[in-house]
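Engineer: Before anything else, here's the structure in question.
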Amino acid sequence: MTEHNLKNIERIVKALADKNRIRIIYLIKAKQVLCVCEITYIIGLSQPTISSHLKLLENAGLIESHKDGLWVNYNINSQLDAASSGYIEIIYKNLEKDKQIVSDLKKLKNINRAMICRKKA
0 MTEHNLKNIE RIVKALADKN RIRIIYLIKA KQVLCVCEIT YIIGLSQPTI SSHLKLLENA
60 GLIESHKDGL WVNYNINSQL DAASSGYIEI IYKNLEKDKQ IVSDLKKLKN INRAMICRKK
120 A
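Heads up, the sequence shown is in numbering that gives the first Met the number 0, so the first residue is 0 and it goes up one at a time.
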């Protein structure tokens, strides 16, 4: 393993070393695109806290953001390296029956972006 790979894996593992960031990754992978308001609503943490988690995941190269009118949308990075992709797949495949993830997915299924984001304004 080269120094570059070691640092890359360390960055990824640190980014995923928090249950809420793991939940965020799972939700984004499940829905493909989410905004901070939607994630805040589902996870139940404050918007600044969610934004901090998103920034850390983005800095680790796991997610990317795109401005779309009023919203900043987050999705899984389309240019993931093999290690990052592997970690995300492990999370996605192994947590589908987790009680917290099941609860999050129920909220995700019924989410209405316009209603959620309007409440925050």
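In this text, a Cβ means the ideal position worked out from N, Cα and C, and glycines have one as well. No experiment lies behind these values; they were computed from the predicted model shown.
Is THR39 buried or exposed, if buried means 16 or more other CB atoms sit within 10 Å of its CB?
Structural biologist: Counting from 1 along the sequence shown, the entry for residue 39 is found at position 40. Buried is the call here.
Engineer: May I ask you to report which of helix, strand or coil DSSP gives ILE8?
Structural biologist: Here residue 8 is taken as the residue at index 9 of the sequence shown, counted from 1. Helix at ILE8.
Engineer: So, using beta-carbon positions, are LYS29 and LEU107 closer together than 8 Å?
Structural biologist: Here residue 29 is taken as the residue at index 30 of the sequence shown, counted from 1. Here residue 107 is taken as the residue at index 108 of the sequence shown, counted from 1. A quick correction: the sequence has Ala, not Lys, at residue 29. The answer is yes: Cβ separation under 8 Å.
Engineer: For HIS65, is the classification buried or exposed, using 16 other Cβ atoms within 10 angstroms of its Cβ as the cut-off for buried?
Structural biologist: Here residue 65 is taken as the residue at index 66 of the sequence shown, counted from 1. Exposed: under 16 other Cβ atoms inside 10 Å.
Engineer: Identify every residue that forms a DSSP beta bridge with VAL71.
Structural biologist: Residue mapping note: residue 71 aligns to position 72 of the sequence shown, counting from 1. LYS66.
Engineer: Could you say which of MET114, GLN46, ILE27 lies nearest to ILE100 if we only look at CA atoms?
Structural biologist: To locate residue 100, count along the sequence shown from 1; it is residue 101. Comparing Cα positions, the closest option is ILE27.
Engineer: Quick check: what's the CA-CA separation for ASN93 versus MET114?
Structural biologist: As a position in the sequence shown, residue 93 is number 94, starting the count at 1. As a position in the sequence shown, residue 114 is number 115, starting the count at 1. So the two alpha carbons sit approximately 31 Å from each other.
Engineer: With a cut-off of 8 Å on the beta carbons, I'd call ALA14 and LEU44 a contact; round off their distance for me.
Structural biologist: Looking up residue 14 in the sequence shown gives position 15. Looking up residue 44 in the sequence shown gives position 45. In fact, because the Cβ distance is near 17 Å, the residues do not count as touching under 8 Å.
Engineer: Going by other Cβ atoms of all chains shown within 10 Å of its Cβ, with 16 needed for buried, is ASP160 buried or exposed?
Structural biologist: With the chain covering only 0 through 120, there is no way to say anything about residue 160.
Engineer: Helix, strand or coil: how does DSSP classify LEU61 here?
Structural biologist: Walking along the sequence shown from the start, residue 61 turns up at place 62. Three-state DSSP puts LEU61 in coil, outside helix and strand.
Engineer: Need the endpoints of the alpha helix (DSSP H) that ALA82 sits in, please.
Structural biologist: As a position in the sequence shown, residue 82 is number 83, starting the count at 1. It spans 81–93 - the alpha helix (DSSP H) in which ALA82 sits, taken as one unbroken run.
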